[in-house]
Structure formats: structure tokens, C-alpha cells
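Step one of this worksheet: look at the structure below.
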Amino acid sequence: MSKRDYYEVLGVNRTASDQEIKSAYRRLALLHHPDKNPNNPSAEEKFKEAAEAYQILADTEQRQRYDRFGHAGVSSGAGQGWGAPGFGGIEDILGDLFGFGDVFSGGRGGARRSAAQRGADLRYDLEITLEDAYNGMTAQLRIPRLETCETCKGNGAAVGTQPENCSNCGGTGQVRYQQGFFSVARTCQPCRGAGRVVKSPCPDCRGAGRIEREKQMEVKIPAGVETGSRLRVQGEGEDGTQGGPSGDLYVVIHLAEHERFERQGNNLYASLPITFAQAALGSDVYVGKIDGEEKIKVPSGTQTGTVFRLKGKGMPVLGSRGRGDLFVAVSVVTPTSLTREQRKLLEQLSVVENKDLEDKGLVDKVRDIFG
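Numbers in my numbering are just positions in the sequence shown, counted from 1, shifted up by 5.
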């Protein structure tokens, strides 16, 4: 079953402030908390669903990813468990409501918390031409990102040393104490929940375990993409920490303006300038396409604004064999300068046209008289 929208879960709109999101979660946590709803699996599921939604929306970076990419952008960041990084805010709220921070603290004892975290997703905005979108292409990208430090293999410790168990929490990543009938668990501040501390930091990454580098890669852009298309490159985001999985890279497409064609969906639109003689007498003309030319027949008497449809000559449909259409609007061009011969011919034509108009006027007068 697909996940519900996080804003819908909390009952807030997408422009809700941080305080509105926090208040909505407090209300739902109080309503569905397992201690208030014993032996009620439905309430427990709603409680977990609200906690997952709050975990994402209360974090500015996670919320931005969710707004851009939906659940796909934060799929590895949600539902990691109550001991996962990022739940400090939830623990604080539960502590305020019920007097304890870790809902599932009972029975966990002093188990070590995993310090591994998934790497961040990255976004790359790529501008391509209409021709590239028509044919498909392979883009050469240079992506700055955090990668695992090769010197310390990601543990942050200098060569010849290892991270040591945190003396404050004994390596569990949590500090526990009794508060009434409950066992309260808080994230250990000295080690930030990792359970280990680095006393001799790696000189290359300064103890972070990751270092910023620029990676060159090839990304295939399929035919038919348009502005706003997002391509996901799995595992090409930032490396995770402490052995965690890498994030993903999202390539967002932007089409540059074209000098001849305008795109609307899978259809293309263009103008076709023709001469007065071609419009009056009719003619075979060639229409430019992205991949060549197409001959069309312009009937005699064609007017400016007439649109011809070339079926299947537009853009490829992304992920399909179909194609859009090409629409060509005719524009009769009036010459701005004339040769002596052209002027003479047009003057002769003008005499004939004026006579036709006068005869037509006489016919109209006779029709008016005799009804």
C-alpha cells in the first residue's frame, strides 16, 4: 500500500509553519499514543505514521527533498526507528507530553545504536537543447559530493588508531535514567548517538569520515524529456557515513529556447513564411523539422494564419514509441523592396484587382436595387 502524503497525515497544508507542524504532531501523538490505547494496533500504526511524517517535515532539508521528490526523495530517511538520528525533536515532544522520550525503550536494554546513516540525495540542473531532447543524448556531468575518505576508510580516525567507545554512554549512543515508572532514553550528546568517539582524527577528513570531491559521470538522457523531467541515478548521491548506503542523484531537465520551434507537451509549433504568389497560385514548399525537411502542398488561395498539421512529426513520447505532431502556421510575406520588373508586374496585377473590385461593387448595387 502506498504511503499517505505527510501533510495529509498531520492534517496541515503544504505552507504550514514549523510551529503548526509541531502542534499538529503533539495533538496526534497525544490522541494515538499506545499507552492511551492499549491493545489497539490501529492507534499504534497511526502513532507511528504521525511520527514518521513529523520526522521528515520538522527537518528543513528533509522537508525540501520531500516537497521536490515526494516519498522517493526521503524513502531511506523515514521510519528508521526511535533511535535513529533526527528523532531528537520527537523525543522532546513525547517527553513533554508523557514524561519520557523513547516510546519503545522498554526491553531494548543497552543495545548499541547504529551510527550508519544514508548519504544525502543530490540535485543537478541540466540545460539541454530541443535537438538533444528529440534524439536523446549522453550527458557528461561533474558532480561535487561527499565521498568516503580513503585514508581512514570512513571511520574518521587517523591511520593506526580506531574510534573508541564513548565513556559517557558506554558505547550505546543513549543515556538512560529512571523517571517514575518509565525508563527515559536520551541521545548521548558527547558522541551524538554514535556510541563511539574519535580521539585522533584523520588529517585528511578531519575526523568527518568523508571528504568533498568532484566526480565525473555519464548520464543517459532519454528522448522525449521536457522541462521539469527528473531522472534518478541510484547510488550517485553522497556516500553514507559509518558504512551507510549512498544517496541518489536527481537530474532535473531544463530545455533551452529554440529559434524556430515552440514546444507544448509532445507537439511542436512553427511558422512558415511564403510569398504572395505561392499563396495565391498554390505551391509545394519544404517545412523544416528537427531532423530534416518535409514537403507539403500549399493550396491556391491560402491565407495568412492557415495551419497545417504534420502528424507524428513532433517530439517523441517519453518511454513510448509514439510521437506528437508538428503544427505549421502560414505567414504570407509582403516584400519590403521591389525590383523594376516586380513593380511592373504588381502594377499590372493592381489594375486587374481594382477592376474586379469595381465590378463586384456594381453587382452588389444591382443586387440591392432588385433585392
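All residues carry an ideal CB built from backbone N, CA and C; glycine is no exception.
key: R191 versus D23, P43 and T177, residue with shortest Cα-Cα distance   = In the sequence shown, counting from the first residue as 1, residue 191 sits at position 186. Here the closest residue by C-alpha is T177.
message = Rounding to the nearest angstrom, what Cα-Cα distance links E217 and R123 in this structure?
response = Counting from 1 along the sequence shown, the entry for residue 217 is found at position 212. Counting from 1 along the sequence shown, the entry for residue 123 is found at position 118. Each residue's Cα considered, the two are about 16 Å apart.
ask   = Where A213 and I226 are concerned, what is the direct C-alpha to C-alpha distance, given to the nearest angstrom?
value = Translated into the one-based positions of the sequence shown, residue 213 becomes position 208. Translated into the one-based positions of the sequence shown, residue 226 becomes position 221. About 34 Å.
ask   = Ordered along the chain, which non-local residues of its own chain (more than five positions away) have a Cβ less than 7 Å from that of H76?
value = In the sequence shown, the residue the question calls residue 76 occupies position 71. Correct list, in chain order: K8.
query = Anyone know if the C-beta pair for Y291 and K302 falls short of 8 Å?
reply = Counting from one through the sequence shown, the residue named residue 291 turns up at place 286. Counting from one through the sequence shown, the residue named residue 302 turns up at place 297. No; because the gap between Cβ atoms is not below 8 Å, this pair is not in contact.
inquiry  = Just to confirm my understanding: we take Y12, look at its own chain, exclude 5 residues before and 5 after, and list those with CB closer than 6 Å. What are they?
reply    = Position 7 of the sequence shown holds residue 12. Excluding residues within five positions, the ones whose Cβ falls inside 6 Å are R19.
query = Going along the chain, which residues of its own chain have a beta-carbon closer than 7 Å to the beta-carbon of E152, five neighbours each way excluded?
reply = For the purposes of this step, residue 152 is taken as residue 147 along the sequence shown, with counting starting at 1. Contacts found: R215, I216, R218 and D244.
inquiry  = Between G310, G329 and F74, which has its C-alpha nearest V338's C-alpha?
reply    = If you number the sequence shown from 1, residue 338 lands on position 333. Of the listed residues, the one whose Cα sits closest to V338 is G310.
request  = Ignoring anything shorter than 4 residues or poking outside the region 232-305, list the alpha helix (DSSP H) runs there in chain order.
outcome  = 281-286
request  = Taking only runs that begin and end inside the region 169-202, name each unbroken beta strand (DSSP E) of 3 or more residues, in chain order.
outcome  = 179-184 and 187-192
ask   = Do you know whose CA, among I279, N271 and Q308, lies nearest G329's CA?
value = Numbered from its first residue, the sequence shown carries residue 329 at position 324. Nearest option by C-alpha distance: N271.
request  = With a cut-off of 8 Å on the beta carbons, I'd call V14 and E25 a contact; round off their distance for me.
outcome  = Numbered from 1 along the sequence shown, position 9 holds the residue referred to as residue 14. Numbered from 1 along the sequence shown, position 20 holds the residue referred to as residue 25. Actually they do not touch by this definition, with Cβ atoms about 14 Å apart.
request  = Could you check what DSSP says for V357 in three-state terms: helix, strand or coil?
outcome  = As a position in the sequence shown, residue 357 is number 352, starting the count at 1. If DSSP states are grouped into helix, strand and coil, V357 belongs with the helices.
ask   = With DSSP run on the structure shown, which of helix, strand or coil describes T143?
value = Taking the first residue of the sequence shown as 1, we reach residue 143 at position 138. Three-state DSSP puts T143 in a strand.
query = With 16 other CB atoms within 10 Å as the buried threshold, where does K318 fall?
reply = For this step, residue 318 is matched to residue 313 along the sequence shown. That one is buried.
inquiry  = Considering just the uninterrupted stretch of the alpha helix (DSSP H) at K158, what are its terminal residues?
reply    = In the sequence shown, the residue the question calls residue 158 occupies position 153. Where K158 is concerned, there is no enclosing alpha helix (DSSP H), because DSSP gives it neither an H nor an E.
ask   = Roughly how many angstroms lie between the CA atoms of Q247 and L146, to the nearest whole one?
value = Your numbering for residue 247 matches position 242 in the sequence shown. Your numbering for residue 146 matches position 141 in the sequence shown. Answer to the nearest angstrom: the Cα atoms are 27 Å apart.
message = Please classify G297 as buried or exposed, where buried requires at least 16 neighbouring CB atoms within 10 angstroms.
response = Indexing the sequence shown from 1 puts residue 297 at position 292. Its Cβ having fewer than 16 others within 10 Å, G297 is exposed.
query = How many whole angstroms separate the CB atoms of H37 and K27, which I take to be in contact at a CB cut-off of 8 Å?
reply = Taking the sequence shown and counting its residues from 1, one reaches residue 37 at position 32. Taking the sequence shown and counting its residues from 1, one reaches residue 27 at position 22. With 8 Å as the limit, H37 and K27 do not qualify as a contact, their Cβ atoms being about 16 Å apart.
Residues of its chain near V357, where Cβ-Cβ distance is below 7 Å and the 5 sequence neighbours each way are ignored = For the purposes of this step, residue 357 is taken as the residue at position 352 of the sequence shown. If we look at V357 and ignore the five residues flanking it on each side, it has no Cβ neighbours.
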